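Report on the following structure.
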Amino acid sequence: MGAPHPVFPRGAALWAFLLASLGSVAGQPLGAEPMCTAQPLARYSITFTGKWSQASFPKQYPLFRPPAQWSSLLGAAHSSDYSLWRKDQYVSNGLREFAERGEAWALMREMEAAGERLQSVHGVFSAPAVPSGTGQTSSELEAHSRHSLVSFVVRIVPSPDWFVGVDSLDLCDGGSWREQVAVDLHPYDAGTDSGFTFSSPNFATVPQDTVTEITASSPSHPANSFYYPRLKALPPIAKVTLVRLRQSPRAFVPPALDLGVGGNEIVDSLPDPETPLDCEVSLWSSWGLCAGPCGRPGAKSRTRYVRVRPANHGAPCPPLEEEAPCDPDNCV
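Last residue of the sequence shown: 332 in full-length UniProt numbering, with the numbers rising by one and none dropped.
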């Protein structure tokens, strides 16, 4: 007779199967994002292109003191444990100072502290400011397989607390790095200042609000500098392009942080879309005195003035003066 085969009860066999199944997913937390399995490091150039032109955004377009321009770009390559900013969430004190006044040092310290404390920030990068609404600025960054997300902010100047940027853009696609990524950018409100216009005085939002996207109809107020009720969506006010660079045998040296104004004014080759701006007029004034000879109908008038002149084939202005018949009070 051959050697006897072991016999397992049906319950024991089922238990062994469950243990094997659980062991195959050990160490993978429920709902975890897929890990980047690309080669550890990747270098990218990042190019920010401002599209804030008077043709695209004619309402209250800042022409002087100061003219339309962009602050320096400040960002980080990081893991999912870190967030520079996020829609519908409160900004940090550092980002508040950056969005309101363009002060970058507190925000840089916050990013560096996150890298030291949580090991969630791989590197901080910056690009010089753009001294006009249309132009380009660029820099380089390094992403790591454990830090494949990129976030950055650029302040809209002048503005109460408005900015553009990206939140946690993933440069890794499973087992490979993306060769090129381009994203259209739209304005956001940091939720710390209650101004409606580019040149609004500082008026703190109390209590602080969360980050919200500014659209053609929100905030729904005629005084809002981005209020274009005829549009379904605002045209992009800026664009960012990231291009993967070929690896060189030399070690990557992160670019020095340059937060000053640079001369990187390169006009985009594509024509700016023309956003129609309708005429806006004030309310009517009170009726004037009724003038005319005794025994005959007189006339009274009222006026209004132009608040916003039309542009780019927007609706023309209505009449600014109106007359109506009346009975003279003090006839002559």
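Glycine is no exception: its CB is placed at the ideal position from the N, C-alpha and C atoms.
Here the structure is a predicted model, which means the values were calculated and not measured.
Asked                                                                                                                                                                   : Found
Report the option in R307, H144, R302, I156 whose CA atom is closest to the CA atom of D322.                                                                            : Note on identity: in this sequence residue 322 is Glu, with Asp being the wrong assignment. It is R302.
According to DSSP, S286 sits in a beta bridge with which residue or residues?                                                                                           : BP columns for S286 are empty, so no partner.
Could you tell me which of S92, L73, V164, W85 sits nearest to A129, measuring between CA atoms?                                                                        : L73
Would you call the region 132-151 in contact with the region 195-205, where contact means no fewer than 3 C-beta pairs closer than 8 Å?                                 : no
Cα-Cα, which of D327, A311, E140 is closest to F57?                                                                                                                     : A311
Compare the Cα-Cα distances from F226 to each of V153, M111, P276, E103 and report the closest residue.                                                                 : P276
Mind checking K232: buried by the 16 CB within 10 Å criterion, or exposed?                                                                                              : exposed
Along the alpha helix (DSSP H) that carries A190, what are the first and last residues, could you check?                                                                : Unbroken run through A190: none, as it is neither H nor E.
Taking the alpha carbon of residue 342 as the point to measure from, which residue in P328, R96, P293, P222 has its own alpha carbon closest?                           : This structure does not reach residue 342, given that the chain is present from 1 up to 332, and the question cannot be answered.
Excluding the five sequence neighbours on either side, which residues of its own chain have a C-beta within less than 8 Å of the C-beta of D329, listed in chain order? : L289, C290
Just to confirm, does E116 get its C-beta within under 7 Å of one of the non-hydrogen atoms of the ligand MN?                                                           : Absent from the structure shown: the ligand MN. Ligands present: none.
Answer yes or no: do M111 and V124 have a C-beta to C-beta separation smaller than 8 Å?                                                                                 : yes
Go ahead and label G75 buried or exposed: buried means 16 or more other beta carbons lie within 10 angstroms of its beta carbon, across all protein chains shown.       : buried
Of all the options P318, S168, Q89, which has the alpha carbon lying nearest to the alpha carbon of V121?                                                               : S168
Considering F98, what are the terminal residues of the alpha helix (DSSP H) in which it resides?                                                                        : 93-101
Between the region 36-49 and the region 91-110, are three or more C-beta pairs nearer than 8 Å?                                                                         : no
Per DSSP, V164 forms a beta bridge with which residues?                                                                                                                 : V154
At the level of alpha carbons, what is the spacing between G314 and E142?                                                                                               : 46 Å
Give the DSSP bridge partners of G206, in chain order.                                                                                                                  : Going by the sequence as given, residue 206 is Val instead of Gly. According to DSSP, which records beta bridges pairwise, V206 is partnered with nothing at all.
Shortest alpha-carbon distance to T134 belongs to which of A299, P318, E179, P236?                                                                                      : P236
Helix, strand or coil: how does DSSP classify G115 here?                                                                                                                : helix
Where V243 and R43 are concerned, what is the direct C-alpha to C-alpha distance, given to the nearest angstrom?                                                        : 9 Å
Between residue 335 and P160, which are expected to be in contact by the criterion C-beta below 8 Å, what is the C-beta distance as a whole number of angstroms?        : Any answer about residue 335 is impossible in this case: the structure gives the chain only from 1 up to 332.
For the putative contact between S285 and R309, defined by C-beta atoms under 8 Å, what is the C-beta separation to the nearest angstrom?                               : So it is not a contact: roughly 19 Å between Cβ atoms.
Taking V130 as part of the beta strand (DSSP E), name the residues at either end of that continuous run.                                                                : From DSSP, V130 is part of no beta strand (DSSP E); its letter is neither H nor E.
At which residues does the beta strand (DSSP E) containing L320 begin and terminate?                                                                                    : Here L320 belongs to no beta strand (DSSP E), and DSSP marks it neither H nor E.
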